[in-house]
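S.K.: One line per chain: the protein sequences are A and B, in this order. Position 177 (the first sequence) corresponds to 177 in this note's numbering; numbering is contiguous. Position in the second sequence counted from 1, then plus 1000, gives you this note's numbering. Mind looking over this structure? Questions follow.
There are 2 protein chains.
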Amino acid sequence: MSVMPPLDFDDHKTDRPDAPDLSAPPCRNCDVVRELAFCADLTHDEIRRLATVRCHAQLPAAFSVFREGDPADHVYSISTGAVKLYKLMSDGRRQIIGFLFSGDMFGLGLDGGYCYTAETLVPTQLCRFTHRKLDTMMDEFPRLERKMFTMTVKDLVAAQEQMLLLGRKTAREKVATFLLKLSRRAAQQGQPASPVALPMSRADIADYLGLTIETVSRTFTQLKRENIIGLPDAGHVVLTDESALRELAEGTASG
Amino acid sequence: MSVMPPLDFDDHKTDRPDAPDLSAPPCRNCDVVRELAFCADLTHDEIRRLATVRCHAQLPAAFSVFREGDPADHVYSISTGAVKLYKLMSDGRRQIIGFLFSGDMFGLGLDGGYCYTAETLVPTQLCRFTHRKLDTMMDEFPRLERKMFTMTVKDLVAAQEQMLLLGRKTAREKVATFLLKLSRRAAQQGQPASPVALPMSRADIADYLGLTIETVSRTFTQLKRENIIGLPDAGHVVLTDESALRELAEGTASG
DNA sequence: CTCTTTCGTTGATCAAGATCAGTTTCCCCG
DNA sequence: CGGGGAAACTGATCTTGATCAACGAAAGAG
């Protein structure tokens, strides 16, 4: 169920953190997502200050950024790419907590250890900050704290929405909700809303929706037969009938 | 499934908000939970300032504080009592997002409307603040914002834990996890950890755990037969074998 | 105190989705 | 281009928890 990534956390740690070529340009890679990321709302000077404590990294796909239980020293922001967060039970059951994209932040939590594992889905550029320095920055720049607070509230609202999905929706409703959410997110990022890309595997989708791989697969083909979606290949979905999908997602569907 | 409360929101609004007898003593009712509530960490003077914009209320049981979709004007903090937060689907399916107790805060969210309904479980004393004034206070007292931020991160971590429960745990595991959580929370509030009180109905528990009333009831009696818990009455549970419960909750149990 | 209503428990049956068991498709790599 | 392996798809069967139905017990109204 949970395959080890090609490189482990320690390699990662020793490989790149303070590599000189990465810390040079002040948030150059972030320009594109400035509007969304937690460093939005800051002035040019504030971003320059923030850049002095950040550390940039380019990671390959299927790479573990950190694991559940690791000492929680850093907070991350995604410049480009995609990340999944998940929790594991001792017998291997897995729940994916979220799929994250450009501008998303992760790594916040209680003291004493990350409460989920973070793994890249595709080659990903990350911005990393130590908790300690970020706390200092928040003291200096109230707008930074406010923005991070707001983003955390948004995450909480999304988590509550996901509780409704996991606890009360049927398989069809779960898949429909998932596809719409991905589509909206893609649009928000300036990507096409309809042939929506699925950078994650069927197993990932299943573990995100509280289903099995088989049920996800069956539901996809079922929706395709009903001409609600199209499946040009396993990694892309065409939202042929978005209104049907919306009705399905809310549980308002007839059939 | 969702019965209307005895009094509606408008009654509440017109009945008490700025009633003189409620705004007089500066957080007298909060003294007991000062350590936990979001106004912890503040100096005496800061609390005095905060008290000038707060509004206290005593609500009966089964009272709607606000409903999903209502304009989100206020943030609430529980002085004493218990509250449930839930989301509804159009066909009546319900997901309880959380059970809240003394010191807990609710009402944060996106602009434009509460994304859940808040209803008292028992007679409850609440502290109410307008978003606007609370924002002003946060600007003045960075410690206040920091505390609210921290509490929101905690809520998020709890929500992620609940996603694992809803998506991947069995009925037995769900119930075991729920009882342990309640017990720990009771202990933290200075109440006995073992004959733990269940201020909510079986329907509430079911809608919190993504189960039906019948399954919750059957699981309780099953655990009772196995001498893992005791059920003196419907509203109390004795944690007879806490370690068995812990194993069950983590999915480590043998049987 | 009794009637009524709601809530909780229990039993019988059902069905959505899980599990088990292949088969097909798509990549990746030689 | 062809072979190996992983990922996705599909079919058959099973199981958990849902649904349907009934009953008992506690709580609230008159």
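Even glycine gets a Cβ: it sits at the ideal position worked out from N, Cα and C.
(1) Straight-line CA distance for A171 (chain A) to M1163 (chain B)?
(2) Evaluate H1236 (chain B) with the Cβ neighbour count: other Cβ atoms within 10 Å of its Cβ, from every protein chain shown; 16 or more gives buried, anything less gives exposed.
(3) Y1076 (chain B) and L1134 (chain B) - do their beta-carbons sit closer together than 7 Å?
(4) Which residues bound the alpha helix (DSSP H) around S217 (chain A)?
(5) Do the region 144-160 of chain A and the region 34-51 of chain A meet, that is, are 3 or more Cβ pairs less than 8 Å apart?
(6) To which residues does DSSP link S1064 (chain B) through a beta bridge?
(7) Around the C-beta of Q1188 (chain B), are 16 or more other C-beta atoms found within 10 angstroms, so that it is buried, or is it exposed?
(8) Would you say L1059 (chain B) faces chain A, with C-beta separation under 7 Å as the test?
(9) Pick from A:E242, A:Q58, A:L209 and A:S201: whose alpha carbon is nearest that of D233 (chain A)?
(10) Based on DSSP bridge pairs, tell me the residues matched to A1197 (chain B).
(11) So which residues of chain B does T252 (chain A) contact, with C-beta pairs closer than 7 Å?
(12) Among all the DSSP beta bridges, which residues are the ones paired with T1080 (chain B)?
(13) Whose C-beta lies closer than 7 Å to the C-beta of K1147 (chain B) among residues of the same chain, with five residues either side of it excluded?
(14) If you measure beta-carbon to beta-carbon, which residues of the region 153-165 of chain A are closer than 8 Å to chain B?
(15) Check the DSSP bridge columns for R1094 (chain B) and list the partner residues they point to.
(16) Looking at the secondary structure, which residues open and close the alpha helix (DSSP H) in which L50 (chain A) lies?
(17) Cβ of F1149 (chain B) less than 7 Å from any chain A Cβ?
(18) Residues bridged to M163 (chain A) by DSSP?
(19) Do we get a CB-CB distance below 7 Å when we pair K1087 (chain B) with the residues of chain A?
(20) Which residue wins for smallest C-alpha separation from D139 (chain A), given the options A:T124, A:R49 and A:F66?
(21) Using a Cβ-Cβ distance cut-off of 7 Å, determine whether C1055 (chain B) contacts chain A.
(22) Say whether the region 1048-1068 of chain B touches the region 1113-1122 of chain B, bearing in mind that this needs 3 or more beta-carbon pairs closer than 8 Å, one atom from each stretch.
(23) Is there at least one Cβ from chain B nearer than 7 Å to L110 (chain A)'s Cβ?
(24) Touch check for the region 1076-1087 of chain B and the region 1176-1191 of chain B: three-plus C-beta pairs under 8 Å?
(25) In this structure, how does DSSP classify T170 (chain A) when only helix, strand and coil are distinguished?
(26) Which one of A:D241, A:T219 and A:R246 has the shortest CA to CA distance from I229 (chain A)?
(27) How is the alpha helix (DSSP H) around A1203 (chain B) delimited, first residue to last?
(28) Using alpha carbons as the reference points, say which of B:I1096, B:K1084, B:R1093 and B:M1089 lies closest to S1104 (chain B).
(29) What span of residues does the alpha helix (DSSP H) with S243 (chain A) cover, start to end?
(30) Give the straight-line distance between the Cα atoms of Y1208 (chain B) and G167 (chain A), rounded to the nearest whole angstrom.
(31) Along the chain, where does the alpha helix (DSSP H) that runs through D111 (chain A) open and close?
(32) How about G1210 (chain B): is its C-beta nearer than 7 Å to some C-beta of chain A?
(33) Can you grab the Cα-Cα spacing for the pair T264 (chain A) / L198 (chain A), in whole Å?
(34) For D204 (chain A), is the classification buried or exposed, using 16 other Cβ atoms within 10 angstroms of its Cβ as the cut-off for buried?
(35) Take T1052 (chain B) as the anchor and find which of B:T1136, B:Q1191 and B:S1217 has the nearest alpha-carbon.
(36) Rounded to whole angstroms, what's the CA-CA distance from I1097 (chain B) to P60 (chain A)? Just pull it up for me.
M.R.: So, to answer that:
(1) On the first sequence, position 171 is the one that residue 171 (chain A) refers to. On the second sequence, position 163 is the one that residue 1163 (chain B) refers to. A171 (chain A) and M1163 (chain B): Cα-Cα distance of roughly 16 Å.
(2) Numbered from 1 along the second sequence, position 236 holds the residue referred to as residue 1236 (chain B). H1236 (chain B) counts as exposed, since fewer than 16 other C-beta atoms from the protein chains shown sit within 10 angstroms of its C-beta.
(3) Position 134 of the second sequence holds residue 1134 (chain B). Position 76 of the second sequence holds residue 1076 (chain B). By the CB criterion at 7 Å, L1134 (chain B) and Y1076 (chain B) fall outside the cutoff.
(4) What you label residue 217 (chain A) is simply residue 217 of the first sequence in a count that begins at 1. Taken as a continuous stretch (DSSP letters only), the alpha helix (DSSP H) holding S217 (chain A) covers I213 to R225.
(5) The region 144-160 of chain A makes contact with the region 34-51 of chain A, as at least three CB pairs between them are under 8 Å.
(6) Taking the second sequence and counting its residues from 1, the one referred to as residue 1064 (chain B) is at position 64. Answer by DSSP bridge pairing, in chain order: B:E1119.
(7) Taking the first residue of the second sequence as 1, we reach residue 1188 (chain B) at position 188. Result: exposed.
(8) As a position in the second sequence, residue 1059 (chain B) is number 59, starting the count at 1. By this cut-off, L1059 (chain B) is not an interface position.
(9) Your numbering for residue 233 (chain A) matches position 233 in the first sequence. Of the listed residues, the one whose Cα sits closest to D233 (chain A) is A:S201.
(10) Start at 1 with the first residue of the second sequence, and residue 1197 (chain B) comes out as number 197. When beta bridges are read from the DSSP output, A1197 (chain B) appears opposite B:H1236.
(11) Numbered from its first residue, the first sequence carries residue 252 (chain A) at position 252. Here the neighbours are S1090.
(12) The residue given as residue 1080 (chain B) occupies position 80 in the second sequence. According to DSSP, T1080 (chain B) bridges with B:Q1125.
(13) The count along the second sequence starts at 1 and reaches residue 1147 (chain B) at position 147. Result list for K1147 (chain B): F1038, A1040 and D1041, in chain order.
(14) Under the 8 Å Cβ criterion, the region 153-165 of chain A contributes V153, K154, D155, L156, V157, A159, Q160, E161, Q162, M163 and L164.
(15) As a first step, residue 1094 (chain B) must be located in the second sequence, where it is residue number 94. Answer is B:L1088.
(16) As a position in the first sequence, residue 50 (chain A) is number 50, starting the count at 1. Taken as a continuous stretch (DSSP letters only), the alpha helix (DSSP H) holding L50 (chain A) covers H44 to V53.
(17) Here residue 1149 (chain B) refers to the residue found at position 149 of the second sequence. Judged by the 7 Å Cβ criterion, F1149 (chain B) is in contact with chain A.
(18) Indexing the first sequence from 1 puts residue 163 (chain A) at position 163. M163 (chain A) pairs with nothing; no bridge assigned.
(19) Taking the first residue of the second sequence as 1, we reach residue 1087 (chain B) at position 87. Residue contact check for K1087 (chain B) against chain A: a CB pair falls below 7 Å.
(20) Mapped onto the first sequence, residue 139 (chain A) falls at position 139. Ranking A:T124, A:R49 and A:F66 by CA distance to the CA of D139 (chain A) puts A:R49 first.
(21) As a first step, residue 1055 (chain B) must be located in the second sequence, where it is residue number 55. Residue contact check for C1055 (chain B) against chain A: no CB pair falls below 7 Å.
(22) Result yes; three or more Cβ-Cβ pairs closer than 8 Å.
(23) By one-based count along the first sequence, residue 110 (chain A) stands at place 110. By this cut-off, L110 (chain A) is an interface position.
(24) Not touching, per the Cβ criterion.
(25) Residue numbering aside, residue 170 (chain A) sits at position 170 when the first sequence is read from its first letter. Coil.
(26) One-based indexing of the first sequence puts residue 229 (chain A) at position 229. When each option's Cα is compared against that of I229 (chain A), the closest is A:D241.
(27) Here residue 1203 (chain B) is taken as the residue at index 203 of the second sequence, counted from 1. Counting along the chain, the alpha helix (DSSP H) containing A1203 (chain B) begins and ends at R1202 to L1209.
(28) The residue you call residue 1104 (chain B) lines up with position 104 of the second sequence. For the sequence presented, residue 1104 (chain B) should be read as Asp rather than Ser. D1104 (chain B) has its Cα closest to that of B:K1084, out of B:I1096, B:K1084, B:R1093 and B:M1089.
(29) As a first step, residue 243 (chain A) must be located in the first sequence, where it is residue number 243. It spans E242 to E250 - the alpha helix (DSSP H) in which S243 (chain A) sits, taken as one unbroken run.
(30) On the second sequence, position 208 is the one that residue 1208 (chain B) refers to. On the first sequence, position 167 is the one that residue 167 (chain A) refers to. Cα to Cα, Y1208 (chain B) sits roughly 8 Å from G167 (chain A).
(31) Indexing the first sequence from 1 puts residue 111 (chain A) at position 111. Premise fails: D111 (chain A) is in no alpha helix (DSSP H) and is neither H nor E.
(32) For the purposes of this step, residue 1210 (chain B) is identified with residue 210 of the second sequence, where counting begins at 1. With 7 Å as the cut-off, G1210 (chain B) counts as an interface residue toward chain A.
(33) Since the first and last residues shown for chain A are 1 and 255, residue 264 (chain A) lies out of range.
(34) By 1-based counting over the first sequence, the position of residue 204 (chain A) is 204. With 16 or more other Cβ atoms within 10 Å, it is buried.
(35) As a first step, residue 1052 (chain B) must be located in the second sequence, where it is residue number 52. Selected option, being the one with the closest Cα: B:T1136.
(36) Locating residue 1097 (chain B) in the second sequence gives position 97, where the first residue counts as 1. Locating residue 60 (chain A) in the first sequence gives position 60, where the first residue counts as 1. Rounded to whole angstroms, I1097 (chain B) to P60 (chain A) spans 36 Å at the Cα level.
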